[in-house]
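Below: the structure, in structure tokens.
Residue numbers (UniProt numbering): 1 to 593.
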């Protein structure tokens, strides 16, 4: 029942039935009332007509028997008549019998009906009289008393009475007919109402099913538009809505994909915040940044963003102002731009764009340090070149030996400047990617032995024991640029020999480690301080100026070595202990065994 009532068919069907039932009920009541009054009026009119007829017959015929015979032919079996010449005196009666005599006495003696002898107008009255059919039963009768006018004078009265059962029977038959008609009308209404409801709601049910399909994302659902009425137009509008939804959804998805691609490909971090500072959206760069903040901060405090950025976000949300600043947060530098997001006239959140400027700050610092270091490295040789050259030009030199010494110093300083410029060019080429490596597949051991042998004489002059040890096969090969690897090993051996005291030891070890060939240069020199180890591969960095022992150095050799090894997809490391020695190790990938 609930299912029927909750459906459009049931509601429309019940509504039509209730409406028709109410109308039929009103019409039935009015019809019964009308027919009841109509039958009473018809009975009254019939009695009046019969009374007038009887009066004319009595007036026209002096013979009583003839009059009674004619009157009996006129009156029906349910109607009787009494003719009285004087009040309370009945002279003639149509039917004789025990009950008829009682009826006649009650009618003649009735005061209301007796007034007919004094009036020229008929009198009608309903009375309870003995039944004409059952002796011991009373019935309702309608009695009409009409004066007998002879030459416009009253010469008696005629009393016509008829049982109301006749009228009641007619009324009952009429009532049956009315109720039967109402029942038939109700049945037909029920049928046609259900048919009409089903006919009207069938397209609506199809629309409901199509709407459910649309809600599931099936935008190709279409409704047949077979009608030209409002429902057919609704089906056409529904189909247009489905096409428009599909089109708009495709456009939204395309825009969403474009926005997602843009956010993903952006190098800047983008974070969208709600009014309560919760994060709604973030791109991969922002996710990495949030993870870094998450591990650095105490997450119990709430949102894992630095307090400085939280203050900026609060300022934007409350004052509705755009903020563009550069801040140092958690040891890093960021260029931050925060803009409010509006929903109508109110702010619904904010979007923050963060650019990590830490590397740029580091490069700026390195650039400044580089300029300062280059200036420092060039200032000394330039000053010496200028000073000794002026001394020669001014003939300050007393002897030829002093002139030769000055010329030698000028030559050495110019060579130092040349090496500095060459090293700077090499670093610039490597960092810019313009340096080309000419890699070939060569045996590793013979190259290392050849380069080491070049420093044998230098080591002997300094009373240093230079040895080489290899644990790999002479056939072990690797892809390398032989000249660049020679430059790396030459720099490491030169540093080891220069920083190792007399009677010291420098050794070269070649061994295989997994898929790499490992080349180590170990000395027994003064070593490097622990706090200086992280910076030995930086440009112009010199841990101890006294370690050069008066020999010139640019401070770029290890930086160049590091870049060259990494260009070969290798790695270079250093281990050192003060006053014990230093071990430089670099590894190169093996081509094949």
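Glycine is no exception: its CB is placed at the ideal position from the N, C-alpha and C atoms.
DSSP puts residue i in a beta bridge; with which residues?
i	result
residue 126	142
residue 264	Its beta-bridge partners do not exist; DSSP assigns none.
residue 334	327 and 356
residue 479	441
residue 577	581
residue 516	513 and 589
residue 470	510
residue 159	82 and 145
residue 522	507 and 583
residue 350	273 and 340
residue 413	In the DSSP output, where bridge partners are listed per residue, residue 413 has none listed.
residue 281	272
residue 33	According to DSSP, residue 33 bridges with nothing at all.
residue 107	Answer is none; residue 107 lacks a bridge partner.
Does the distance from the C-beta atom of residue i to that of residue j stay below 8 Å?
i	j	result
residue 81	residue 116	no
residue 268	residue 363	no
residue 576	residue 509	no
residue 270	residue 253	no
residue 325	residue 336	yes
residue 583	residue 522	yes
residue 420	residue 444	no
residue 437	residue 567	yes
residue 214	residue 232	no
residue 482	residue 536	no
residue 414	residue 378	no
residue 578	residue 529	yes
residue 485	residue 458	no
residue 503	residue 463	yes
residue 392	residue 478	no
residue 222	residue 239	yes
Once you ignore the five residues that flank residue i on each side, which residues in its own chain have a CB closer than 6 Å to its CB?
i	result
residue 505	465 and 524
residue 518	511 and 587
residue 558	536 and 537
Distance cutoff 8 Å, beta carbons only. Does residue i sit that close to anything in chain D?
i	result
residue 415	Chain labels in this structure do not include chain D; a single protein chain is all it has.
Within the same chain, show all residues whose beta-carbon is closer than 8 Å to that of residue i, passing over the 5 residues directly before and after it, in chain order.
i	result
residue 102	129 and 130
residue 141	103, 126, 127, 128, 129, 161, 162, 163 and 164
residue 193	12, 13, 16, 17 and 20
residue 280	272, 273, 274 and 349
residue 639	The shown model of the chain, from 1 to 593, leaves out residue 639, and the question about it has no answer.
residue 187	none
residue 448	468, 470, 489, 508, 510 and 519
residue 285	266, 267, 268, 269 and 270
residue 580	524 and 527
residue 341	272, 347, 348, 349, 350 and 351
residue 573	584, 585 and 586
residue 28	178, 179 and 182
So is residue i buried or exposed if we call it buried at 16+ other beta carbons inside 10 Å?
i	result
residue 247	exposed
residue 309	buried
residue 138	exposed
residue 549	For residue 549, the predicted structure reports a pLDDT of 38, less than 50, and the residue's modelled location is therefore unreliable. The matter cannot be settled from this model.
residue 560	buried
residue 224	exposed
residue 588	buried
residue 612	Residue 612 is absent from the model: the chain starts at 1 and stops at 593.
residue 545	The predicted position of residue 545 is uncertain, since its pLDDT is 46 and thus under 50; a value taken from the coordinates is nonetheless stated next. Exposed, by the Cβ-count rule.
residue 244	exposed
residue 317	buried
residue 299	Its pLDDT being 48, under 50, residue 299 is placed unreliably by the model, and the measurement read from it follows with that caveat. Result: exposed.
residue 411	exposed
residue 311	exposed
residue 136	exposed
residue 107	buried
residue 418	exposed
residue 203	buried
residue 79	buried
residue 45	exposed
residue 395	exposed
If you drop the 5 nearest sequence neighbours on each side, which residues of the same chain put their C-beta closer than 7 Å to that of residue i?
i	result
residue 175	32
residue 157	84, 116, 117, 145, 146, 147 and 148
residue 357	326, 333, 334 and 335
residue 547	Annotation note: pLDDT 41 at residue 547 (below 50); position unreliable, no value reported.
residue 169	none
residue 185	24
residue 320	340 and 347
Next item on the list: May I have a chain-ordered list of the beta strand (DSSP E) segments no shorter than 3 residues that lie completely inside the stretch 304-329?
Entry: Segments of the beta strand (DSSP E) lying fully in the stretch 304-329: 323-329.
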